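Notes follow the structure.
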Amino acid sequence: EAGVVQSPRYKIIEKKQPVAFWCNPISGHNTLYWYRQNLGQGPELLIRYENEEAVDDSQLPKDRFSAERLKGVDSTLKIQPAELGDSAVYLCASSHSGNTDTQYFGPGTRLTVL
Amino acid sequence: KQEVTQIPAALSVPEGENLVLNCSFTDSAIYNLQWFRQDPGKGLTSLLLIQSSQREQTSGRLNASLDKSSGRSTLYIAASQPGDSATYLCAVRGSSNTGKLIFGQGTTLQVKP
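Below, the structure written as structure tokens:
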């Protein structure tokens, strides 16, 4: 069974530029999560989707971050414009349902903003 | 607000040693607690999940315990091996069962041959 796929794995951009990350969850998983992990810290939830619906986006900085999950499968997380403080690893995870199931994580996208 | 703390931040041990990683949380009203492993440049792999009604879970050389009332969990690794070198993260899921995990900052383990 294929795991959670993320691309790109690495991205280097200059501040004020836009950037987008893509995630393909495990087949059949209804719930998708985007986390941000700063260096030396644990991941922090940005947004959670149940199928197409964003059910928890309270930690998403909505002035510059946006996300979508069209057709309830793949998801894209966008930052526009990027700031120096956005440098981090962006992790995508999925689970069969949002309540008790284990979350399976992708390898992440390491973003560096110069 | 739930806060999760892991001590120590880093640990270096010789191969073969038994070791304990600690995790504490401020709000005892949790749904479950998970231990994850993260290798450099990779995502997280779930190791053990303990439901709030359970006291411990075991998988191979790993044993995780949960004391909800005191807000503590430990991950015990028996007979450590160089391949165990990684960052270990604990995460709690709140009792509201929203699916949201709150992570600690992790303990980076190095097992020297």
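Chains as they are written, first to last, in this note's numbering: chain B, 5 to 118; chain G, 400 to 512. Here a beta-carbon is modelled for each residue, glycine too, at the ideal position from N, C-alpha and C. These numbers come from a predicted model, not from an experiment.
With at least 16 other beta carbons inside 10 angstroms of its own, A485 (chain G) counts as buried. Rounded to whole angstroms, the gap between the alpha carbons of L64 (chain B) and A478 (chain G) is 42 angstroms. In terms of Cα proximity to P512 (chain G), the closest of G:Q450, G:S411 and G:G459 is G:S411.
The beta carbon of T444 (chain G) is closer than 6 angstroms to those of R436 in its chain, skipping five residues each way along the sequence. Under a criterion of Cβ atoms nearer than 7 angstroms, no residue of chain B is adjacent to G470 (chain G); the nearest Cβ is some 17 angstroms distant. Residues of chain B with a Cβ closer than 9 angstroms to the Cβ of S458 (chain G) do not exist, since the nearest Cβ in that chain sits about 13 angstroms away. Across the set B:L118, B:D105, B:V117 and B:L115, the C-alpha of B:D105 shows the shortest separation from the C-alpha of Y37 (chain B). The beta carbon of P111 (chain B) sits closer than 7 angstroms to some beta carbon of chain G. For T80 (chain B), no CB of chain G lies under 7 angstroms from its own CB, so it is not counted at the interface with that chain. The three-state secondary structure of K75 (chain B), taken from DSSP, is helix. When rounded, the separation of the alpha-carbon atoms in D60 (chain B) and L74 (chain B) is 16 angstroms. Under the 7 angstroms criterion on CB atoms, G76 (chain B) is classed as non-interfacial with respect to chain G. Between the alpha carbons of N42 (chain B) and Y94 (chain B) lies a distance of about 9 angstroms.
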